[in-house]
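In mature numbering (1 follows the signal peptide of the UniProt record, and there is no 0), the protein residues as written are -33 to -1, 1 to 525.
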């Protein structure tokens, strides 16, 4: 064999090994299986001491074991059902497990689905159910509500919604509805219910846009909590006219900007009047340091009436001693309308002698109540621990209470988790979730009413010791015709980040090599390289043989 041939073989072998490693790394990840994915679903067949727990399981192509965790303490699911097996061939399956004769009567239980395969484990969200010993509802139980049908009242966008409720006594019932299934922004009038047997209730809703699809849901609330029926849909009857009044369908809302006032050096109250002109409308303010505006408040429902109503919004975080321009805006299915541009000025900041401010550790910022919000409404955030670690689970709780002496309306809660955390689940139905921003519809908040919303999450592994995580909760509501808001902040310190040491890197390398050798792509690429080397060897051997024959002929000729 010539030196040239040996060099070519050496380069080919090296090239083949590099190609083998790169191809296997690329394809091993895409071809390998992953941990299962689960979703907890509502319990069924609930009795006085039994229930059927349900869920949905995606095996990701691996033999999978699943079970349910349950218990009477949401934070301590100390009981488990028996384990069951699902074959890798059953990739998407509905699963269940029955609990018979083992539950306490008249008790609330929390549960979730858990599944595990060779690649990992996944836990679903936590749901709840309540056992019942006599088929009746006692005073310490939440109401049960079901969404019923819809009947058309006329062809001008008016319908009647029906529902069924059962409670151990007093309950308030109403409907939520809107054109977005994930954001039922409008509510019907409330109805007060007394009784302990099933009762059908109804509410009339008008001002719907003909031909549009609407989603609706029955809601019931008593002293023990708020219950929701399923979400259904209907199509408003097409056609209709405004009866010659000029204020029916087909008209954009009318809006008038009213003089606003500065309520402090960095806050102001803006006012307007809006007429929805018979179609569901929203209203907001645009504002800015110049007549070009540029900023906007949150959009609020304006209803579907045919007359003018007052609207207001509070601004905070303004610059002292500055002039601001603003106008009201309103929109419905027929278009957008704008009021005239007005202006106001904030007072200048007073001159204060410089002082050395005290050092305050940024661990627990206090609750902030914006200017104009009544002191009688309180938002109190709490965290399971203000000293967190990488990969640690946490519970963030927002408690709110109305001590104003009158009911508040249009309550909405927005919880924002830090970017360095992952959302897991919540105890209260939300209307939308965008990453770590979860929005809830609180509806009407009765006087002397207190409730709490909790969110469970997990700190990400990339955090470092010394990082600060800020949790935020903001509630907007209407108090006697004025839009208000209250915000609560809470921060936590990362006391232990993810350590990346020799053992971690070694384990990571071992996992990578293990996945490499388990991959079918590894052996396929290796097989192809061996074939290529064998073919090349045969060709090279033949060429070397021919070269040796030529050398012998040359020697013989001499």
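Built from N, CA and C at the ideal position, the CB exists for glycine as well.
Owing to the predicted nature of the structure, the values given are computational and were not obtained by experimental measurement.
- A straight line joining the alpha-carbon of residue 22 with that of residue 16 spans about 20 Å.
- Under the DSSP definition of a beta bridge, residue 257 lacks any partner.
- Closest by C-alpha distance to residue 416, out of 42, 193, 386, is 193.
- The C-beta distance from residue 44 to residue 82 rounds to 15 Å, too long to fall under 8 Å, and the pair is not in contact.
- Assignment of residue 498 by DSSP, reduced to helix, strand and coil, places it in the helix class.
- Rounded to whole angstroms, residue 118 and residue 464 show a C-alpha spacing of 58 Å.
- Rounded to whole angstroms, the separation of the alpha carbons of residue 75 and residue 178 is 43 Å.
- Excluding sequence positions up to five before and after residue 5, its CB lies within less than 8 Å of the CB of 22, 23, 24, 25, 33, 80, 81, 82, 89, 90, 91, all in the same chain and listed in chain order.
- Rounded to the nearest whole angstrom, the CA to CA distance from residue 238 to residue 312 is 15 Å.
- Contact between the stretch 403 to 418 and the stretch 352 to 372 is present: 3 or more CB-CB pairs across the two stretches fall below 8 Å.
- Nearest C-alpha to residue 61 among 286, 421, 19: 19.
- When secondary structure is reduced to three states using DSSP, residue 503 falls in the helix class.
- Distance check between residue 167 and each of 154, 129, 186 places 129 closest, using alpha-carbon atoms only.
- Excluding sequence positions up to five before and after residue 266, its CB lies within less than 6 Å of the CB of 249, 251, all in the same chain and listed in chain order.
- The stretch 155 to 196 contains, as complete beta strand (DSSP E) runs of 3+ residues, the segments 158 to 160, 166 to 172, 180 to 189, 192 to 195 (chain order).
- With at least 16 other beta carbons inside 10 angstroms of its own, residue 142 counts as buried.
- In the pairwise beta carbon analysis, the stretch 392 to 399 is classified as not touching the stretch 426 to 444: fewer than three pairs are separated by under 8 Å.
- Rounded to the nearest angstrom, the Cβ distance from residue 134 to residue 187 is 7 Å, consistent with a contact under 8 Å.
- Linking residue 272 to residue 151 through their CA atoms gives a straight-line distance of about 18 Å.
- The C-beta of residue 452 has 16 or more other C-beta atoms within 10 Å across all chains shown, which makes the residue buried.
- Excluding its 5 nearest sequence neighbours in each direction, residue 153 has C-beta neighbours in its own chain below 6 Å: 144, 145, 268, listed in chain order.
- Of the candidates 445, 376, 389, 405, 376 places its Cα closest to the Cα of residue 156.
- Where residue 33 is concerned, the enclosing beta strand (DSSP E) starts and stops at 31 to 38.
- In this structure residue 426 is in contact with residue 356, their Cβ atoms being roughly 7 Å apart against a cut-off of 8 Å.
- Here residue 276 has 240, 241, 242, 269, 270 as same chain residues with Cβ atoms under 8 Å from its own Cβ, once five neighbours each way along the sequence are excluded.
- Taking C-beta atoms as the reference points, residue 254 and residue 293 count as a pair closer than 8 Å.
- Note on geometry: alpha-carbon atoms of residue 386 and residue 353 lie some 16 Å from one another.
- A distance below 8 Å separates the beta carbons of residue 224 and residue 307.
- Per DSSP, the continuous beta strand (DSSP E) segment holding residue 21 begins and ends at 18 to 25.
- Counting only the Cα atoms, residue 87 lies some 52 Å from residue 303.
- If you check the CB distance, residue 113 and residue 191 do not come in under 8 Å.
- Residue 493 is positioned such that its CB atom lies no closer than 8 Å to that of residue 459.
- Residue range 449 to 463 is occupied by the beta strand (DSSP E) that includes residue 454.
- A Cβ-Cβ contact shorter than 8 Å links residue 233 with residue 283.
- Taking a C-beta distance under 8 Å as the contact criterion, residue 222 and residue 297 qualify as a contact pair.
- In this structure residue 218 is buried. Its beta-carbon is surrounded by 16 or more other beta-carbon atoms within 10 angstroms.
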